[in-house]
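Sequential numbering of the sequence shown, starting at 1, is according to UniProt numbering.
All residues carry an ideal CB built from backbone N, CA and C; glycine is no exception.
Keep in mind that this is a model prediction, so the values were computed, not measured.
In what follows, a structure is listed as structure tokens, so that the remarks can point back to it.
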Amino acid sequence: MVKKEDFQQLDRSDTDLGHPPKKVAILTAGGLAPCLSSAVGALITEYAVTHPSTEIICYVNGYKGLLLGESIKVTPAIRATAGALHLHGGSPIGNSRVKLTNVKDCVKRGLVKEGENPQQVAADQLVRDGVEVLHTIGGDDTNTAAADLSRFLKQMNYHLCVIGLPKTIDNDVFPIKQSLGAWTAAEEGARFFENVVAEHSANPRMVCRSTDHAQC
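This is the structure:
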């Protein structure tokens, strides 16, 4: 869970560019939640309306794509149809649980070389891509990692504005009272339970003849 002191470490001045961004990046990371596709679609649509000249890229599979330099450019055609993402689940740009702080795991996955610092690799990629604003859609780990990246780049005299969208079905991101995905997950879980109870009262088996794991 994100702590109050962690939130207070963020410098408010780091979110003020003073001009429309030339290039922004979006990534989703952590566990899946019902809001991912809709959040990506909303961001793309908002930029298309308010800052149509801003270039948008999406890193594929979260921090994994950032480390590997794998991204998708949001074309005019994608911008025009981004609203359709509100109708779908999952993440249209891919997701992963890669953590920049877990050096051993990053090396094992082949995302960085032995002796490399994942945070440095990620920072260098953002600089190469010319990203001014990084939108991270994730939970506490995802957004904390993004804030750390911003501070790391600040030491390199590179200004990166990080805007984190709190996504988690656990609803444990301070100071957000209602994180994206939590309400939908609760509603869908309740609906699934109602269906299971209804089917159980009608028949001792929910599906098929011999589905052992689903028999009541």
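Beta-bridge annotation (DSSP): LEU165 is paired with ILE137. A direct Cα-Cα distance of roughly 36 Å separates HIS51 from GLU116. Taking SER96 as the centre and dropping the five residues before and after it, the same chain places the C-beta of ALA29, ASN61, GLY62, TYR63, LYS64 closer than 7 Å to its C-beta, in chain order. A Cβ-Cβ separation of about 19 Å leaves PRO20 out of contact with THR75 under the 8 Å criterion. The DSSP assignment places complete beta strand (DSSP E) segments of no fewer than 3 residues inside the stretch 97 to 142 at 133 to 138, in order along the chain. When DSSP states are grouped into helix, strand and coil, SER71 belongs to the strand group. With fewer than three CB-CB distances shorter than 8 Å, the stretch 124 to 135 does not count as touching the stretch 94 to 112. Beyond the five residues adjoining it in sequence on each side, CYS106 comes within less than 6 Å, by CB distance, of VAL112, PRO118 in the same chain, given in chain order. Residue environment analysis places LYS167 among the buried positions, since at least 16 neighbouring C-beta atoms fall within 10 angstroms of its C-beta. When ILE26, GLY41, LEU149, PHE193 are compared, the shortest CA-CA separation from GLY89 is found for GLY41.
Residue range 23 to 28 is occupied by the beta strand (DSSP E) that includes LEU27. For ILE44, the enclosing alpha helix (DSSP H) starts and ends at 36 to 50. Each of ALA190, GLU70, CYS35, ILE56 was checked against the Cα of ALA122, and the nearest Cα belongs to GLU70. The beta carbon of LEU66 lies closer than 6 Å to those of TYR59, ALA122, GLN125 in the same chain, with the five residues before and after it left out.
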